[in-house]
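Chemist:
Protein chains in written order, with our numbering: chain A, 53 to 348; chain B, 34 to 383.
1) Can you tell me which of 306/B, 363/B, 320/B puts its alpha carbon nearest to the alpha carbon of residue 337/B?
2) Suppose only complete runs of 4+ residues qualify. What are the alpha helix (DSSP H) ranges in the region 200 to 238 of chain A, listed by chain order?
3) Would the region 266 to 279 of chain B count as touching the region 300 to 315 of chain B if we require 3 or more Cβ pairs under 8 Å?
4) Using 7 Å as the limit for Cβ to Cβ distance, is residue 266/A near chain B?
5) With a threshold of 16 other CB atoms inside 10 Å of the CB of residue 46/B, please say whether the residue is buried or exposed.
6) Can residue 223/B and residue 44/B be called in contact, C-beta distance under 7 Å?
7) Could you tell me if residue 165/B is buried or exposed, where buried requires 16 or more neighbouring beta carbons within 10 angstroms of its beta carbon?
8) My output table needs one value for residue 109/A: the three-state DSSP class, helix, strand or coil.
9) Closest by CA to residue 79/B, which one among 38/B, 132/B, 97/B?
10) Kindly list the residues whose CB is nearer than 7 Å to the CB of residue 65/A, restricted to its own chain and excluding five residues on each side of it in sequence; keep chain order.
11) Could you check what DSSP says for residue 49/B in three-state terms: helix, strand or coil?
12) Return the CA-CA distance between residue 181/A and residue 314/A, expressed in angstroms with no decimal places.
13) In angstroms with no decimal places, state the Cα-to-Cα distance between residue 366/B and residue 294/B.
14) Following the continuous beta strand (DSSP E) through residue 330/B, name the residue where it begins and the one where it ends.
15) Please name the residue or residues paired with residue 68/B in a DSSP beta bridge.
16) Scan the region 124 to 138 of chain B for residues whose Cβ lies nearer than 7 Å to a Cβ of chain A and list them as they occur along the chain.
17) Would you mind sorting residue 72/A into buried or exposed? The rule is 16 or more other CB atoms within 10 Å of its CB.
18) Does the distance from the CB of residue 153/B to the CB of residue 189/B come in under 7 Å?
19) Take the Cβ of residue 207/B as the centre, count every other Cβ of all protein chains shown within 10 Å, and call the residue buried at 16 or more, exposed below.
20) Quick one: residues in its chain with C-beta nearer than 6 Å to the C-beta of residue 194/B, no 5 flanking neighbours on either side, listed in chain order?
21) Report yes or no: is there a C-beta of chain B within less than 7 Å of the C-beta of residue 273/A?
22) Taking a contact to mean a Cβ-Cβ separation below 7 Å, would you say residue 323/B touches residue 340/B in this structure?
23) Give the residues from the region 243 to 269 of chain A that approach chain B closer than 9 Å (Cβ to any Cβ), ordered along the chain.
24) Output the residue ranges of the alpha helix (DSSP H) runs that lie fully inside the region 122 to 178 of chain B and measure 4 residues or longer, sorted by chain position.
25) Assign residue 158/B to buried or exposed, taking buried as 16 or more other Cβ atoms, counted over all protein chains shown, within 10 Å of its Cβ.
26) For residue 213/B, does the three-state DSSP call read helix, strand or coil?
27) Whole angstroms is fine: what's the gap from residue 348/A's alpha carbon to residue 156/B's?
28) Name the chain A residues that come within less than 9 Å of residue 105/B, Cβ to Cβ?
29) Using the Cα positions of residue 236/A and residue 184/A, report the straight-line distance between them to the nearest angstrom.
30) Buried or exposed: which applies to residue 225/A, given that a residue is buried once 16 or more other Cβ atoms fall within 10 Å of its Cβ?
31) List, in chain order, every chain A residue whose beta-carbon is nearer than 7 Å to that of residue 122/B.
32) Can you tell me whether residue 100/A sits near the ligand ATP, meaning its C-beta is under 6 Å from at least one heavy atom of the ligand?
33) Less than 8 Å between the CB atoms is what I'm expecting for residue 65/B and residue 236/B, so what's the real figure, rounded?
34) If we cut at 7 Å on Cβ distances, does residue 188/B have a partner in chain C?
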């Protein structure tokens, strides 16, 4: 398409400037907050106390601490595990399997399942966190309904298996998004293409692996991009369920960032963590965006 | 190459039966066209032969083997779809090779067969391209090529030309006819376009509402349609149907010849006259007279729509570019041998 701007607009700088104002304000605000975090990651700014006012530049000290002190690397590892199992394996694969299984099934079954999946998504994080804590603790539903009747002593699941429980809770909460996206993507595949593969002799598995998945590859990449970023920085559910504990078992980067910045009051160090997270997510995004590109 | 036979084929969706017991024998190497209006069950029938749709009743055999429970790939068929159904993420070469690769055919043989098919269809230059870089006609060739490399006993075509524009459709039609000549394979072709049916078929199967109305060569169907449905469906210009009871008086006073014909035969309800069989005549030799309501000039011929007092316009096809004035009387001669007589139920009277 040719770029055909309105000649009246292009000839009038004032109108042009006014038209750009909202966009510039928005971009400006985004840049301001990023720049703020970036700048203060080189300081020892604190939330309270003397250093809240008389902060000083400390150079790369905060960044060195990321790698030299305990905390950041451990949290990064916890986050990687959490993202991999809850978003990439859990939500994405489960969402795809559900979408593939429900494709072509009766619309009544489909509606019921869709509503059930959506409920998790629509429920506020804090409510969901409370439900999951209540269900998985020593006197919770799982123990009352399954463990104890089978003759085993009750297990405090949320304490003994904190990371798996949080991971499962997040799968339950986030699968709806992947399901909806894959559902729409699968609907966009022409029925005749799948039938052509059937006539060509492809087994159901080959039809999915060699035909359907490659066709929806851009959708997969988009989905991965979204859920990875969301899960990487996801905070409320984990924090409300475990507060990062027991110990540091469920301390993801978002929780670690919060604890460092607002419990310990190290705003400078917290800023460095947030910049590090930004870099990690940025690199991941680049990787997914490459996937989005059409093959030559 | 193989013969295909259908015995009492039925198809129902729940309580709704859409194909009501179809019997048909297709000879080896024959080109058979299923034609009918949309919803007549022609595509469903083809999809049942392909194994894409389960059969509710009856028996399908291909090459003498009952294939009711044989999965598609083992039926020895290949199918060309209306939307081409190319794999969008594979090159033309891979599209054509896909089936062979799945069947674990040796690489050299895959290559030979793909290149041979590409040569026949003249798409050798596009083998490395992706489908989206091809035009509609080229995509259709690739889809046909994908069918050819499978070396099937029976080719199935599901409205393969309906996504092409008119000129390309005519061209591809000729290519499919040539392909049938070259490959000498059994072909079953579904279309709603009677021109494709007439030009391509060895035999046409006219379907309506899940039943076969008539099976025959194109000329048999044109000359001796068994009922008003076939008579109205087969031909470029739709046959004129004159209701005898409705306007007996007006029409018959108008035409002594028609009066004689109808009174000589019991049970005549409808008279069918093809537009191309009507000629202009002098007033005293006319069998039927009306006034010209509309005329469409095509240069090589003209279609005149004549008001004959029955409410409907009668279509007549005239050679060349006749110089006729609107609202003027038209005197028409109708040769007796070109008349089709139908009874109350629309069946042809012989």
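Backbone N, C-alpha and C define an ideal beta-carbon position, used for all residues, glycine too.
Modeler: A quick look at the data gives this:
1) Here residue 337/B refers to the residue found at position 304 when the second chain is read from its first residue. Its Cα nearest to that of residue 337/B, the residue 363/B stands out among 306/B, 363/B, 320/B.
2) 209 to 212
3) Touching, yes.
4) Within the first chain, the letter at position 214 stands for residue 266/A. Answer yes: the Cβ-Cβ gap between residue 266/A and chain B drops below 7 Å somewhere.
5) Position 13 of the second chain, counting from 1, holds the residue named residue 46/B. When all chains shown are included, residue 46/B counts as exposed.
6) Working through the second chain from its first residue, we reach residue 223/B at position 190. Working through the second chain from its first residue, we reach residue 44/B at position 11. No, Cβ-Cβ distance for residue 223/B and residue 44/B is not below 7 Å.
7) Position 132 of the second chain holds residue 165/B. Counting Cβ neighbours within 10 Å, residue 165/B comes out exposed, since fewer than 16 surround it.
8) Along the first chain, read from residue 1 onward, the residue named residue 109/A stands at position 57. DSSP places residue 109/A in strand when its eight states are reduced to three.
9) In the second chain, residue 79/B corresponds to position 46, counting from 1. Of the candidates 38/B, 132/B, 97/B, the one whose C-alpha sits nearest the C-alpha of residue 79/B is 38/B.
10) Within the first chain, residue 65/A is the residue found at index 13, counting from 1. Excluding residues within five positions, none has a Cβ falling inside 7 Å.
11) In the second chain, residue 49/B corresponds to position 16, counting from 1. Here residue 49/B sits in strand by DSSP.
12) Locating residue 181/A in the first chain gives position 129, where the first residue counts as 1. Locating residue 314/A in the first chain gives position 262, where the first residue counts as 1. Cα to Cα, residue 181/A sits roughly 21 Å from residue 314/A.
13) For this step, residue 366/B is matched to residue 333 along the second chain. For this step, residue 294/B is matched to residue 261 along the second chain. Looking at the two C-alpha atoms, the distance is approximately 14 Å.
14) On the second chain, residue 330/B is found 297 positions in, with the first residue counted as 1. First-last of the beta strand (DSSP E) with residue 330/B: 321 to 330.
15) Along the second chain, one-based indexing puts residue 68/B at 35. Paired residue(s): 224/B, 239/B.
16) Those residues of the region 124 to 138 of chain B that come within reach of chain A (Cβ to Cβ, closer than 7 Å) are 131, 132, 135, 136.
17) What you label residue 72/A is simply residue 20 of the first chain in a count that begins at 1. Classification of residue 72/A: exposed, given that the 10 Å Cβ count is below 16.
18) As a working note, residue 153/B is residue 120 in the second chain. As a working note, residue 189/B is residue 156 in the second chain. Going by C-beta atoms, residue 153/B is not nearer than 7 Å to residue 189/B.
19) By one-based count along the second chain, residue 207/B stands at place 174. So residue 207/B counts as exposed.
20) To locate residue 194/B, count along the second chain from 1; it is residue 161. Excluding sequence neighbours, residue 194/B sits near 202, 205.
21) Within the first chain, the letter at position 221 stands for residue 273/A. No - not a single Cβ of chain B is within 7 Å of the one on residue 273/A.
22) One-based indexing of the second chain puts residue 323/B at position 290. One-based indexing of the second chain puts residue 340/B at position 307. Cβ atoms of residue 323/B and residue 340/B: closer than 7 Å.
23) 243, 244, 245, 246, 247, 248, 249, 250, 251, 252, 253, 254, 255, 258, 262, 263, 266, 267, 269
24) 125 to 135, 140 to 154
25) Locating residue 158/B in the second chain gives position 125, counting from the first residue. Around the Cβ of residue 158/B, a 10 Å sphere holds fewer than 16 other Cβ atoms; the residue is exposed.
26) In the second chain, residue 213/B corresponds to position 180, counting from 1. In the structure shown, residue 213/B sits in a helix (DSSP, three-state: H, G or I).
27) If you number the first chain from 1, residue 348/A lands on position 296. If you number the second chain from 1, residue 156/B lands on position 123. With a pLDDT of 47 at residue 348/A, under the threshold of 50, the modelled position of this residue cannot be trusted, and the question is left open.
28) Position 72 of the second chain, counted from the start, is the residue given in the question as residue 105/B. Contacts between residue 105/B and chain A, judged by CB atoms closer than 9 Å, involve 247, 250, 251, 252, 253 in chain order.
29) Counting from 1 along the first chain, the entry for residue 236/A is found at position 184. Counting from 1 along the first chain, the entry for residue 184/A is found at position 132. Cα to Cα, the separation comes out at about 30 Å.
30) As a working note, residue 225/A is residue 173 in the first chain. When all chains shown are included, residue 225/A counts as buried.
31) Looking up residue 122/B in the second chain gives position 89. Under the 7 Å cutoff, chain A gives 266, 267.
32) In the structure on display, the ligand ATP does not appear, and there are no ligands present to speak of.
33) For the purposes of this step, residue 65/B is taken as the residue at position 32 of the second chain. For the purposes of this step, residue 236/B is taken as the residue at position 203 of the second chain. That belief holds up - the Cβ atoms of residue 65/B and residue 236/B are roughly 5 Å apart, short of 8 Å.
34) Absent here is chain C; the protein component of the structure consists of chains A and B.
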